[in-house]
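The structure under discussion appears below in the form of structure tokens.
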Amino acid sequence: MCMSRLFLAGALCCFIGGMAKVIWKLIVVLAKRDIPAFSRVFRVLMIGGFALMLLSVILSTVRTVAGGGAFADSAMAGLWRGLTFMPATLFFIAGFAGMCLMGWLGSHMDKSARSNWIEELINTAAQLAILAGVVIVYFGMSYQPGDTAAAALEDTGSVQVTETEEYFLFDGAGTEAALVFYPGARVEAAAYSPLMKKLAENGTDCFLCRMKYNFAMLDADAAEGVRDVAGNNSYRHWYLGGHSLGGVTAAGLVTQGEAADGTSDAGEDDADTAADAEKSPDWDGIVLLAAYPTAPITVPAILIYGTNDGIVEPEEYGRIVENGLWPEDFTEVRLEGGNHAQFGDYGEQNGDNEAELLFDEQLDQTADAITEWIEARR
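Per the numbering used here: the sequence shown ends with 1335, consecutive numbering throughout.
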């Protein structure tokens, strides 16, 4: 989860400072000795560590422009949205108030055990409040779709777009094949509408799932719900796909279906296997964009990734091949100059590399590769 070495250095300082404080307390209690250095280093490292982490967050909002660096309006706006995101703001206020109260108690209370317990309980509550605020922001904030994605949600003469609470349906002229697609982590589903629309124009209808809190892992069975609503018999061929963590989650769902069918994990309990078989529909294949399976799969698979991907290094896919996780019917497509984020229209992604391939070019090459792969299996 570390986005920079500066943040990691700050976290390490806080950890060392906290451990020093714990050691100091243990020595005082068990050896009845006071070694002030352990207590003093806590204050220096803890304050310095938090300062470094805060600085790394601020610097992460800076983009390089001609002539020097400048604060990007969108990044600063995102940082401000995070700080004012409800109810995270209430937890941040409670945490800050607890820290201030700690400072006041430190100069107004005695050294008794009772006073120490009061301080430590307030300290714990304050830090838990800040942690809760950070977790809420992390799960609540997401990458937003851009203008191209918004335009792709409009109906055209060849594709009709239907929006529900569970998914976006891109209904084109095709009637044989459908793709159920999982978005990447913390990315609004609508960001993938340009790719879904191109696939629908090419003859494959697409169901773009809207995931809980924008995390596919929290709604891993969404595809089965989509097929139930759409009607499993409405298409002859069903494909499952996803980008990044959404692809990893989709691969896991396919793996569960295979286990239910008895094609893998043969040691499962018979009763559980039968129950899984009833709820795990068959898939004709899986489409993974900058993603990979974590367990062996046997359905046909296509992997598409950019050579400039900074989130999942291209070398990782070679390791998956060595581990035997890909099926026999496996297609690999390398997009020269493509990166991780340009499978959707949600802007730059933290940790990703700059693409040498234009957004439209990466989108077209991806749609063409998927279409060709699906048509070859009809």
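Ideal placement from N, C-alpha and C gives every residue a C-beta, glycine not left out.
Keep in mind that this is a model prediction, so the values were computed, not measured.
Assigned exposure category for residue i - 16 Cβ within 10 Å defines buried
i: Glu1235; result: At Glu1235 the pLDDT is 42, less than 50, meaning the model places this residue with poor confidence and gives no usable figure here.
i: Pro1257; result: buried
i: Pro993; result: exposed
i: Arg1071; result: exposed
i: Glu1332; result: exposed
i: Thr1206; result: buried
i: Met1043; result: exposed
i: Val1092; result: exposed
i: Gly1275; result: exposed
i: Lys1154; result: buried
i: Pro1271; result: exposed
i: Arg1184; result: buried
i: Asp1266; result: buried
i: Ala1045; result: buried
i: Trp1240; result: buried
i: Gly1114; result: exposed
i: Gln1117; result: exposed
i: Gly1025; result: Confidence at Gly1025 is low in this model, with a pLDDT of 39, below 50, so its placement is unreliable and the value that follows should be read with caution. When all chains shown are included, Gly1025 counts as exposed.
i: Val979; result: exposed
i: Gly1308; result: exposed
i: Asn1296; result: buried
i: Trp1074; result: exposed
i: Trp1037; result: exposed
i: Ser1031; result: Confidence in Ser1031 is poor, its pLDDT being 47 and thus under 50, which makes the residue's placement too unreliable to answer from.
i: Leu1078; result: exposed
Neighbourhood of residue i by C-beta, 7 Å cutoff - its chain only, sequence neighbours within 5 removed
i: Gly1005; result: Cys970
i: Val928; result: The question about residue 928 has no answer here: the residues shown for the chain are numbered 958 through 1335.
i: Ala1324; result: Leu1152, Lys1155, Leu1156 and Asn1159
i: Met958; result: Residue confidence is low: Met958 scores 46 on pLDDT, short of 50, so the model does not pin down where it sits. Its coordinate-derived value is still stated next. Contacts found: none.
i: Leu1058; result: Ile1079
Boundaries (first-last residue) of the alpha helix (DSSP H) holding residue i
i: Val1092; result: Ala1070 to Gly1097
i: Gln1322; result: Phe1316 to Glu1332
i: Val1118; result: Per DSSP, Val1118 belongs to no alpha helix (DSSP H); it is in the beta strand (DSSP E), Gln1117 to Glu1120.
i: Gly1005; result: Pro993 to Leu1016
i: Met1059; result: Ala1045 to His1065
i: Asp1104; result: Asp1104 to Ala1109
Test item: CB-CB of residue i and residue j under 7 Å
i: Ala966; j: Leu1009; result: yes
i: Thr1328; j: Asn1159; result: yes
i: Leu1126; j: Tyr1149; result: no
i: Tyr1124; j: Arg1167; result: yes
i: Phe964; j: Ser1013; result: yes
i: Ile1259; j: Thr1288; result: yes
i: Leu1246; j: Gly1204; result: yes
i: His1200; j: Gly1141; result: yes
i: Lys1169; j: Asp1176; result: yes
i: Ala1089; j: Gly1055; result: no
i: Ala1173; j: Tyr1139; result: yes
Residue span of the beta strand (DSSP E) that contains residue i, given as start and end
i: Phe1172; result: Where Phe1172 is concerned, there is no enclosing beta strand (DSSP E), given that its DSSP letter is neither H nor E.
i: Asp1128; result: Tyr1124 to Asp1128
i: Trp1195; result: His1194 to His1200
i: Glu1289; result: Phe1287 to Leu1292
i: Ile1261; result: Ala1258 to Gly1263
i: Asp1162; result: Thr1161 to Cys1166
i: Gly1242; result: Gly1242 to Leu1246
i: Val985; result: It is not in any beta strand (DSSP E) - Val985 carries neither H nor E in the DSSP assignment.
i: Val1137; result: Ala1134 to Tyr1139
Same chain only: Cβ atoms within 6 Å of residue i, ignoring 5 sequence neighbours per side
i: Ile973; result: Leu1002
i: Met1066; result: Ser1072
i: Val1290; result: Ile1261 and Ala1326
i: Val1137; result: Phe1164, Ala1180, Val1183 and Leu1197
i: Ala977; result: Phe995, Val998 and Phe999
i: Thr1021; result: Any reading at Thr1021 must be qualified, since the residue scores a pLDDT of 35, below 50, and its modelled position is unreliable; no value is offered.
i: Leu1062; result: Glu1076
Same chain, Cβ closer than 8 Å to residue i, neighbours up to 5 away in sequence not counted
i: Ala1023; result: A caution first: Ala1023 carries a pLDDT of 34, below 50, which makes its placement in the model unreliable, though a value can still be read off. Correct list: empty, nothing qualifies.
i: Ala905; result: Nothing about residue 905 can be reported from this structure: the residues present for the chain run from 958 to 1335 only.
i: Phe1316; result: Thr1105, Gln1299 and Asp1302
i: Gly1039; result: Ala1045, Val1094 and Met1098
i: Asp1112; result: Val1118
i: Thr1264; result: Pro1271, Arg1291, Leu1292, Glu1293, Gly1294 and Gly1295
i: Ile1277; result: Tyr1249, Pro1250 and Trp1283
The ligand GTP heavy atom lying under 6 Å from the CB of residue i
i: Glu1289; result: Summarising the ligand content, the structure contains no ligands, and the ligand GTP is consequently not present.
query = Okay, do the segment 1317-1325 and the segment 1277-1285 touch, 3+ Cβ pairs below 8 Å being the bar?
reply = At 8 Å Cβ cutoff, the stretches do not touch.
query = Are the segment 1183-1195 and the segment 1129-1145 touching by the rule of at least three beta carbon pairs closer than 8 Å?
reply = The segment 1183-1195 is in contact with the segment 1129-1145.
request  = Answer yes if the segment 1042-1052 comes into contact with the segment 996-1011, meaning at least three C-beta pairs across the two stretches below 8 Å, and no otherwise.
outcome  = In short, these stretches do not touch, since the Cβ pair count stays below three.
task = Please confirm if the segment 1298-1316 is in contact with the segment 1094-1106, defined as three or more CB-CB distances below 8 Å between the two stretches.
result = The segment 1298-1316 vs the segment 1094-1106: in contact.
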